[in-house]
Structures are given as structure tokens and as C-alpha cells.
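K.L.:
Have a look at this one.
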Amino acid sequence: MTVDIYNMSDADRQAHAITAAHQASEAVTELLRFSREGSDIKGTFGDIDVVEKLLDAAKIAIECLTEDDDGQRYSSIYGDLKHELEFWI
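Numbering (the numbering used here), first residue to last: 77 to 165.
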């Protein structure tokens with residue numbers, strides 16, 4: 077799905093913010109778990125792909141910005157994030 081990041085309603089941007097917060101929250105929870113308990117039997121971060129969740133949260137957060145927020149300054153990062161996350165599900 078292609079998102080026109082400068083053509084979203086405030087409600088769409090708010091929904092995106094919830095999704096970004098959820099992705100970041102899952103990553104933070106796992107980072108905190110690791111800091112207290114260390115690696116589990118499935119690896120450093122267990123079943124959670126912390127880096128990809130944080131990258132996805134950053135991509136979605138950029139989608140929440142408007143042109144008035146100077147969102148275009150993140151355009152190259154946004155493109156890189158989209159490319160990196162293209163096949164991650």
C-alpha cells in the first residue's frame with residue numbers, strides 16, 4: 077500500500093501515530109526485558125525483531141508529519157526505511 081504522506085487527514089495521521097507507538101512499544105518492552113534478564117533461548121531478543129520494529133515505528137512516525145512540520149527533511153531516510161522494510165511482515 078502506498079501512502080501519500082502529505083495528503084492524509086488528521087484522523088489518518090493519528091491512527092498512524094498509534095501504530096508507530098505500538099511498534100516502538102513492543103521493541104522497548106523487549107529491550108527492557110533483555111536488559112533485566114539477558115538473552116532467552118531464542119536469542120538476544122527472542123521472537124521480537126527489535127530493530128525492524130523500531131525502523132517501522134520511525135517510518136510510520138515520518139508518515140505522521142506534514143509539510144508544515146518540515147517532513148521533507150526526512151524524505152531520504154523515509155525512502156531507505158521503506159526499501160529496507162519492503163519485504164518484512
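Where a beta carbon is used, it is the ideal one built from N, C-alpha and C, also for glycine.
What is the rounded straight-line gap between the Cα of Asp156 and the Cα of Arg112?
P.N.:
One C-alpha to the other measures close to 32 Å.
K.L.:
Excluding the five sequence neighbours on either side, which residues of its own chain have a C-beta within less than 7 Å of the C-beta of Glu102, listed in chain order?
P.N.:
The residues are Ile124, Lys129.
K.L.:
Could you give the distance in angstroms between the alpha-carbon of Ser56 and the alpha-carbon of Glu139?
P.N.:
As displayed, the chain neither begins before 77 nor continues past 165, which places residue 56 out of reach and without an answer.
K.L.:
Buried or exposed, going by whether 16 or more other CB atoms sit within 10 Å of the CB of Glu162?
P.N.:
Under this definition Glu162 is an exposed residue.
K.L.:
Which residue comes first and which comes last in the alpha helix (DSSP H) that contains Ile138?
P.N.:
Segment 126-140, the alpha helix (DSSP H) holding Ile138.
K.L.:
CB Glu106 to CB Val127, shorter than 8 Å?
P.N.:
No, they are not a contact pair.
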